[in-house]
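Quick mapping for you: the protein sequence lines, in order, are chains A and X.
Position one of the first sequence corresponds to residue 1 (the working numbering), numbered consecutively onward.
Position one of the second sequence corresponds to residue 1 (the working numbering), numbered consecutively onward.
The C-beta atom is built at its ideal place from N, Cα and C for all residues, glycine as well.
On a predicted model such as this, the values are computed, not experimentally measured, just so you know.
Here is the structure we will look at.
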Amino acid sequence: MHRVVQLLFAAVVVAACGSSDQRSETTVVFAASSLVDVLNDLSNDDESAFVRAVMSFASSASLSAQVVDGAPVGLFVSADRQQIDELVAAGYGLSDPRVVARNSLVIAVEAGNPLGIQTLDDLTRSDLLLAVAAPGVPLGEYSEAMLRAADIEVSPVTFEADARAVLAKVVLGEVDAGIVYATDATSTSDVAAVYVPEADAVAIEYFALEITTTPGRSSALLNELLGERGQQALLQRGFVLP
Amino acid sequence: MTTRARHEQRAPLLLAVLGTLAVIFFVLPLFALAVRVPWSSLVDVLGNEATTEALMLSIITSVITTAIAVIFGVPLAWLLARSTMPGRQMIRAICTLSMVLPPVVAGVALLASLGRRGVVGQLLNDWIGLRLPFTMPAVVIAQLFVAMPFLVLTVESGFARSSTTAEEAARTLGASPWYVFSRVTVPATRSAILAGAVLTWARALGEFGATITFAGNFPGATRTLPIATYLALETNVDDALLISMLMVMLSLVILVALRGRWIGAIGGAR
């Protein structure tokens with residue numbers, strides 16, 4: 001199945017490259033879904049190196065699998081250390097992984113917080129519908145780690161595939177609360193973010209890795225992310241700088 | 001290709017070539033999947049409670065979906081094929097639109113109508129405390145919305161194709177409209193109804209986008225096999241491949257068995 005996904009992806013990339021005047025300068029960027037807004041901000045900035053990047057967003061795990069399957073990637077920004085470590089161990093890294101930003105967990109609730117959710121403990125209320133990310137995806141693992149560290153047991157009604165899916169359930173009013181990244185909760189005015197101190201127990205770091213499949217094209221992108229322009233864009237979207 | 005030409009001597013070369021390419025197009029991905037599947041861990045994955053739970057849920061919900069689709073879809077197909085109700089073209093288009101909608105959009109549409117804040121869902125929630133999303137009935141509703149058009153279209157063309165002579169004879173002899181429908185029309189189009197039911201079942205079994213959007217993902221209640229596969233892709237690609245293969249084999253066995261036994265009759269009956 002991955003082989004098919006990879007072929008489809010290659011076709012899209014080839015099509016995208018073919019339509020560009022600067023085909024030799026186009027670099028493919030793979031990034032965790034939670035980075036979609038910030039990287040799109042950058043690619044809309046004419047002076048940014050990301051203008052000429054072809055970007056693909058998905059969960060870090062499935063992007064990492066596509067790298068292993070031979071997708072022609074220049075830069076990979078993962079929300080999960082484990083994926084990066086595996087790629088480095090398999091020899092895909094051009095240089096050491098770099099931390100480009102940090103994030104934290106929050107409780108997303110309906111705008112105005114009508115149920116008055118203030119603490120992590122409130123999530124155990126029996127009348128409350130809770131959505132979390134599925135175990136196995138990074139957000140799910142982080143959420144579980146936070147709840148475990150706080151020794152709180154919750155009964156979610158659904159385990160969603162990624163952060164945006166959790167957020168969508170809150171935005172649509174199908175659940176009362178969801179555990180998401182702070183950056184997701186600040187991306188829409190339809191939800192309010194409840195910050196909880198227990199979130200400090202999990203360190204959420206975004207790692208960028210230059211990938212060997214298209215060597216020599218990704219340095220400019222990585223430098224921009226770590227530089228003034230990139231860090232400013234990250235701050236504006238609610239990330240915490242490393 | 002030479003063997004093919006020998007068996008079907010009347011097939012024009014162009015058709016044989018294009019048809020064979022079409023076959024390769026369908027076989028290749030399945031073959032590639034079968035090659036990559038780590039068959040050695042088949043027993044582990046089959047013994048995995050989470051997998052069998054998802055498998056059972058998929059079978060149960062897809063069968064319920066198919067039954068409901070027949071109960072409501074056959075009458076709808078009859079209305080579309082035989083009645084003279086106004087706006088039939090429009091109704092047909094609307095009732096089969098969900099086939100071409102991206103399934104995730106279908107899921108959002110279901111939330112907008114039957115969700116806790118949906119047009120009808122809100123009333124259900126307020127009046128009788130019924131909440132559909134994240135429940136097993138929501139899985140069936142999502143499958144039904146996406147898969148029932150396959151039954152409606154197949155059965156409608158069956159009704160349209162079957163001769164009305166026997167029906168007229170029955171009416172002349174004083175049979176009631178219901179008697180004509182149940183004893184003459186339905187038996188005459190049995191193979192089309194079965195074909196439509198099988199298509200609907202297969203589509204329901206594979207349903208993913210509308211289900212995860214409308215019903216979410218909860219083990220034992222809404223985590224169907226396609227959803228389990230998708231999530232396994234995040235954690236264990238080998239498991240995902242095995243579960244996909246399980247689905248492919250399950251569908252293949254049933255499609256082949258049914259086609260051989262009943263559906264093949266469509267071509268012969270015509």
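Where A:Gln236 sits in the DSSP three-state scheme: In this structure, A:Gln236 counts as helix in the three-state DSSP scheme.
For chain B, find out if any of its Cβ atoms is closer than 7 angstroms to the Cβ of A:Val240; answer yes or no. No chain B appears in the structure shown, which is made up of the protein chains A and X.
Test: X:Gly107 CB closer than 7 angstroms to a CB of chain A: no
Please determine, among A:Asp127, A:Asn113, A:Ser43, A:Gly91, the residue with the shortest C-alpha to C-alpha distance to A:Val170. A:Asn113
Top-ranked residue by Cα proximity to A:Asp122, from A:Arg102, A:Ile107, A:Glu224: A:Ile107
For A:Leu130, list the residues DSSP reports as bridge partners. A:Ala177
X:Pro133 at chain A interface by Cβ criterion, 7 angstroms: yes
Going along the chain, which residues of the region 29–45 of chain X sit with their C-beta nearer than 9 angstroms to a C-beta in chain A? Pro29, Ala32, Leu33, Arg36
Using a C-beta to C-beta distance shorter than 7 angstroms, which residues of chain A count as neighbours of X:Glu234? Ser59, Ala61, Ser62, Gly136, Val137
Below 8 angstroms on the Cβ atoms is my guess for A:Tyr181 versus A:Leu139; work out the distance and round it to an integer in Å. 7 angstroms
Between the C-alpha atoms of X:Thr96 and X:Phe150, what's the straight-line distance to the nearest angstrom? 8 angstroms
Hey, is A:Ala244's beta-carbon within less than 7 angstroms of any beta-carbon in chain X? No answer is possible for residue 244 of chain A: it lies beyond the span of chain A, which begins at 1 and ends at 242.
Quick check: the Cα distance between X:Asp239 and X:Ser98, rounded to an integer number of angstroms? 31 angstroms
Buried versus exposed call for A:Asn103 [16 or more other C-beta atoms within 10 Å across all chains shown]: Buried is the call here.
Got a sec: is the Cβ-Cβ distance from A:Thr188 to anything in chain X below 7 angstroms? no
Kindly say whether X:Val237, judged by its beta-carbon, lies nearer than 7 angstroms to any beta-carbon of chain A. Closer than 7 angstroms to some Cβ of chain A, the Cβ of X:Val237 qualifies, so yes.
Sort out for me which residues DSSP pairs A:Ser56 with in a bridge. A:Phe30
So, helix, strand or coil for A:Glu144, using DSSP? helix
Quick check: the Cα distance between A:Val67 and X:Thr51, rounded to an integer number of angstroms? 27 angstroms
Does the distance from the CB of A:Val73 to the CB of A:Thr212 come in under 7 angstroms? In this structure, A:Thr212 does not lie closer than 7 angstroms to A:Val73 by Cβ.
Going by alpha carbons, who is nearest to A:Val29 out of A:Glu210, A:Leu226, A:Val240? A:Glu210
On the CB-based measure, 16 or more other CB atoms within 10 Å of its CB, does X:Phe31 come out buried or exposed? exposed
Between the beta-carbon of X:Ala106 and the beta-carbon of X:Phe145, is there less than 7 angstroms? Yes, the pair counts as a contact, with Cβ atoms nearer than the cut-off.
Comparing alpha-carbon positions, which option in X:Val237, X:Asn236, X:Leu225, X:Gly118 lies nearest X:Leu246? The residue from X:Val237, X:Asn236, X:Leu225, X:Gly118 with its alpha-carbon nearest to that of X:Leu246 is X:Leu225.
Is DSSP giving X:Thr20 helix, strand or coil here? helix
For X:Leu74, which residues in the same chain have their Cβ closer than 7 angstroms to its Cβ, ignoring the five residues on either side in sequence? Looking at the sequence provided, one finds Val at residue 74 of chain X rather than Leu. Result list for X:Val74: Val155, Ile193, in chain order.
Spatial distance of X:Leu173 from X:Phe72 (CA atoms): 28 angstroms
What did DSSP end up calling A:Glu110 once you bin it into helix, strand or coil? strand
Counting pairs of beta carbons, one from the region 13–28 of chain X and one from the region 193–208 of chain A, are three or more of them closer than 8 angstroms? no
For A:Ala65, which residues in chain X fall below 7 angstroms Cβ to Cβ? Val237
Which term fits X:Arg88, buried or exposed, when burial requires 16 or more other beta carbons within 10 angstroms of its beta carbon? Counting Cβ neighbours within 10 Å, X:Arg88 comes out exposed, since fewer than 16 surround it.
Alpha carbon of X:Ala168 to alpha carbon of X:Gly209, nearest angstrom: Note that residue 168 of chain X is Glu in the sequence shown here, rather than Ala. Each residue's Cα considered, the two are about 45 angstroms apart.
Please classify X:Tyr179: is it buried, with 16 or more other beta-carbons within 10 angstroms of its beta-carbon, or exposed? So X:Tyr179 ends up on the exposed side.
Which class does X:Asn48 belong to by DSSP, given the choice of helix, strand or coil? coil
Can you confirm whether X:Asn217, when its beta carbon is compared against all beta carbons of chain A, has any partner nearer than 7 angstroms? yes
Sorted by chain position, which residues of the same chain lie with C-beta nearer than 6 angstroms to A:Val196's C-beta, five sequence neighbours on each side aside? Taken in chain order, the residues that qualify are Leu120.
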